[in-house]
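Basically the working numbering = 1-based index in the sequence shown + 3.
Here the structure is laid out as structure tokens; the discussion comes afterwards.
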Amino acid sequence: MPVGTDLDHAVRLLRAGRLVAFPTETVYGLGADASSPAAVAGIFAAKGRPRAHPLIVHLPSADHLDAWAAAPGPAARTLAARFWPGPLTLICRRGPGVIDDVTGGAATVGLRVPSHPMAHALLARFAGGIAAPSANRFGRLSPTTAADVVDDLGDAVDYVLDGGACDVGVESTIVDVSDDDAPALLRPGGVAGEDIEAALGRRLRLGSSSPAPGTLPSHYAPRTRVITVTADGLAAAVAAAAAGGARVAVLAPATALAGLGPRPALVVRSLPDGLAAMAHDLYGALRALDQRGVDVIVAVVPAELGLGAAVADRLRRAAGPRGDDAADPVAPVDLDDGDRP
Ligand code: TXA
Ligand code: MG
């Protein structure tokens, strides 16, 4: 499928109801005209995503908030003013014009103003809302380069705008502000939860009463089985995993690897110790390890501070319900599509 930087071409395709993948500061999105049911249907078909999963609508600027949200309250306005453009998605009561195809029939809509210059230029020229999930097949890792999009979606997308590697590297933080009295963190991401709480002057509730389908544990999975451990438990987990003859890879910050000692048979992928840099490199590292043909990836979960919360969340989801259970014997090679129930 064509890859390039032709914004006018991308806008023509979007106006014609076609799919355009585009870079954002978090991950690449698979975009379609958010006001067109047929165009939005194309997103679900290309991703293989169930229709009930709502999509985030991307907007050119915070000035568009009132056109898409119904009577946003002080919490929505405060967070939009403070963090847009940027890696924050606000779940708001939906405005009257928002189509069911985008919201999955929900009473709310997810809205975000990305800060990536190419995303901004696309949105400004399109002059409307672009519905976009991450540009990966359902249940797979989110793409952080144009090449990742091509690898995963192939000809299912009409054009890929190439804006280089994504700065943040993990998806946006999602905050539900549809009830102004009880803002809730639905997904940790590119804006630190602590910074959101500081801006609001209050604590966030965790999760929602009706969890979004996209927050299923298996949603961000590589093909290879992942086991999550703390740095302290790394050596024991590696030994246990390797004991049955399994080929083991380790994904860990450099300081945690230092404590592991020499283990020539291991495939080792080091992550930076800084939490923002770790988030930036996370999906690329998981993709690379997925190519190595190992049986299991033992991943060290960082401290849940700042962007560490998003990294820890994605690693746990990659591990699925069996995560943190490093003492278990290693299961046979599991090369399913990543969509474990
Ligand atoms: O960083 C990001 O957010 C990227 C870039 C492309 O913007 N997008 C992204 O979209 O991660 P997606 O579809 O992969 O994940 C969006 C999540 C899903 O879990 C979805 O269920 C949830 O947001 N979501 C969207 N609208 C919602 C709504 N109205 N209520 C609750 N959750 C919602
Ligand atoms: Mg996604």
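Just so it is clear, CB atoms sit at the ideal spot from N, CA and C, and this is done for glycine as well.
Taking 9 Å as the cut-off, the beta carbon of Ala279 is found closer than this to the beta carbon of Leu310. Nearest neighbour of Leu274 by Cα position, chosen from Pro267, Tyr162 and Ala261, turns out to be Ala261. A Cβ-Cβ distance of about 6 Å is found for the pair Thr29 and Val173, placing them in contact under the 8 Å criterion.
Judged by DSSP in its simplified three-state form, Arg208 adopts strand. Contact check for Thr176 against Gly193 passes: the beta carbons are separated by less than 9 Å. Residues close to the ligand MG by the beta carbon criterion (under 6 Å to any non-hydrogen atom) are, from first to last along the chain, Pro136, Ser137 and Ser145. In this structure, the CA atom of Gly113 is about 27 Å from the CA atom of Asp9. In this structure, the straight-line span from the alpha carbon of Ala127 to that of Pro63 is close to 5 Å. Rounded to whole angstroms, Ala150 and Val101 show a C-alpha spacing of 32 Å. Take Ala315, set aside five residues on each side of it, and the residues of its chain with a beta-carbon closer than 7 Å to its own are Val304, Pro305 and Glu307, in chain order.
By the beta-carbon neighbour count (other beta carbons within 10 angstroms, threshold 16), Leu125 is buried. No residue range can be given for Val160, since it is assigned to no alpha helix (DSSP H) and is classified by DSSP as neither H nor E. Under the 8 Å Cβ criterion, the segment 130–148 counts as touching the segment 50–66, having at least three qualifying pairs. Rounded to the nearest whole angstrom, the CA to CA distance from Ala201 to Pro265 is 43 Å.
Membership of Thr176 in the beta strand (DSSP E) is indicated by the continuous run Thr176 to Asp179. Counting only the Cα atoms, Thr231 lies some 6 Å from Arg319. The Cβ-Cβ distance between Asp170 and Phe86 does not fall below 9 Å.
Three or more pairs of CB atoms, one per stretch, sit closer than 8 Å, so the segment 40–54 contacts the segment 90–110. Thr258 counts as exposed, since fewer than 16 other C-beta atoms from the protein chains shown sit within 10 angstroms of its C-beta.
For Pro117, the distance from the CB to the nearest heavy atom of the ligand TXA is below 8 Å.
In this structure, the ligand TXA has a non-hydrogen atom nearer than 8 Å to the beta-carbon of Pro57. Taking all protein chains in view, the Cβ of Gly34 is crowded by 16 or more other Cβ atoms within 10 Å, so the residue is classified as buried. Runs of the beta strand (DSSP E) lying entirely within the segment 230–281 and spanning at least 3 residues, in chain order: 251–256 and 270–274.
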